[in-house]
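Enquirer: Going by the numbering used here, 322 is the number at position 208 of the sequence shown; the sequence numbering is gapless.
Ideal placement from N, C-alpha and C gives every residue a C-beta, glycine not left out.
These figures come from a predicted structure and were not determined experimentally.
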Amino acid sequence: MLIDTHSHLNFSAYSNDRDSVIRRALENNTQLIIVGSQITTSERAVKIANQYEKGVYAAVGLHPIHLQEFHIDENEIKFNSRAEKFNYDKYKKLAQDKKVAAIGEIGLDYFHLKNRHKEEVSDEREREIKKEQREVFIQQFKMAQDVNLPMIIHCRDAHEDLIEILRRLKSDYPRASGVIHCFNKDLETARKYFDLDFLISFTGLVTFLKGYEWIKEIPDDKFMVETDCPYLTPIPHRGERNEPVYVKYIAQKIAEIRGVSVEKIAEITTQNAKGLFKLP
Ligand SMILES: [Zn+2]
């Protein structure tokens, strides 16, 4: 069995065939977490998870890129992002649904900040946006402690700030835990998160980027797998829409790097996901 710990089956990429994508995953012994990125997609994640008796869970949270209005144009997908103000009570209520396994995705994203229409963002505005991202992240961190859920954290070009915030908050909330999703930094950074009781998870990036040999070094109980679908489709399906069954290719690649069987990777990542998200 595998658990795709980060999927966006709530996104419009699946509006025509969502149920068959989910059934295909479940029939192939793959459970999944549907992750929200703003209030609408968080509500949809909870609604979808409730349509399945078992194996489908939800995470609710406000992604840092949705704090401002802008247009993202990456290789794989185009979308317009409308600004959303974080509403603690609304998210907290949603988080209390029995299918909700985590608060996420929340975090810091300084990448999209630097890489969008640069001329329109003054240095001062950039500092303001970063500050707002940190404040909203801290509010959601506290909400996660309030509802006793782990966090799914997105971090792009902001590990230094994130680690500093987590270190500071951990002294007040020693039981806080979670995962740094789509982790693609290095062993040294990974170890800093392990020391803070956080896990990391790997996407299809490991199948088509180089430089992941350090995956050999990380302890068995510190990592999970995810697709981040519809994005980041692993080899051998590059160019197609991603989906949870493809999480097996990520497990295979990690097995290859670590020199163990794919069954072993499936077993330990499933155990880690069940432990972190308290899944049955
Ligand atoms: Zn995501």
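1. Helix, strand or coil: which one does DSSP assign to Q385?
2. Have a look at I153 and M338 and give me their C-alpha separation to the nearest angstrom.
3. From M257 to K206, what does the alpha carbon distance come to, in whole angstroms?
4. Can you tell me whether V149 sits near ligand 1, meaning its C-beta is under 8 Å from at least one heavy atom of the ligand?
5. Pick out the complete alpha helix (DSSP H) segments inside the region 119-147, 4 residues or longer, and give them in chain order.
6. With a 10 Å radius around its C-beta and 16 neighbouring C-beta atoms as the bar for buried, classify K213 as buried or exposed.
7. For a test of your reading of the model: does the CB of D118 fall under 8 Å from any non-hydrogen atom of ligand 1? Yes or no.
8. Could you tell me which uninterrupted beta strand (DSSP E) segments, each at least 3 residues in length, are contained entirely in the region 233-284, listed from first to last along the chain?
9. Taking 9 Å as the cut-off, decide whether the C-beta atoms of H295 and T317 are in contact.
10. Below 8 Å CB to CB, which residues in the same chain sit around K299 once its five sequence neighbours on both sides are set aside?
11. Put V293 into one of helix, strand or coil per three-state DSSP.
12. Report the three-state DSSP secondary structure of D311 (helix, strand or coil).
13. Would DSSP call Y360 helix, strand or coil?
14. What do you get for Y171, buried or exposed, if any count of 16 or more other CB atoms within 10 angstroms of its CB means buried?
15. What is the residue span of the beta strand (DSSP E) that E219 lies within?
16. Whole angstroms is fine: what's the gap from D311's alpha carbon to P394's?
17. Check F337 in the structure and name its three-state DSSP category.
18. Between the Cα of N143 and the Cα atoms of E381, V374, D223, Y326, which residue gives the shortest distance?
19. Work out the CA separation of D342 and I252 for me, nearest whole Å.
20. Would you tell me roughly how many angstroms separate the C-alpha atoms of R352 and L323, rounded to the nearest one?
21. Is H120 closer than 9 Å to S151 when the C-beta atoms are compared?
22. Locate the alpha helix (DSSP H) running through A209, then write down its first and last residues.
23. Do you know offhand how far S291's Cα is from V374's?
Expert: Let me lay it out:
1. Annotated three-state conformation of Q385 is helix, per DSSP.
2. Going from the Cα of I153 to the Cα of M338 covers about 26 Å.
3. 7 Å
4. yes
5. For the region 119-147, the full-length alpha helix (DSSP H) segments reaching 4 residues or more read 132-141 along the chain.
6. buried
7. no
8. Annotation note: the region 233-284 contains the following uninterrupted beta strand (DSSP E) runs of length 3 or greater, listed N- to C-terminal: 265-270.
9. yes
10. H273
11. strand
12. Residue state for D311 is assigned as coil, using DSSP reduced to three classes.
13. Shown here, Y360 sits in a helix according to DSSP, grouped into three states.
14. buried
15. 214-223 is the extent of the beta strand (DSSP E) around E219.
16. 21 Å
17. strand
18. E381
19. 23 Å
20. 12 Å
21. no
22. 202-209
23. 27 Å
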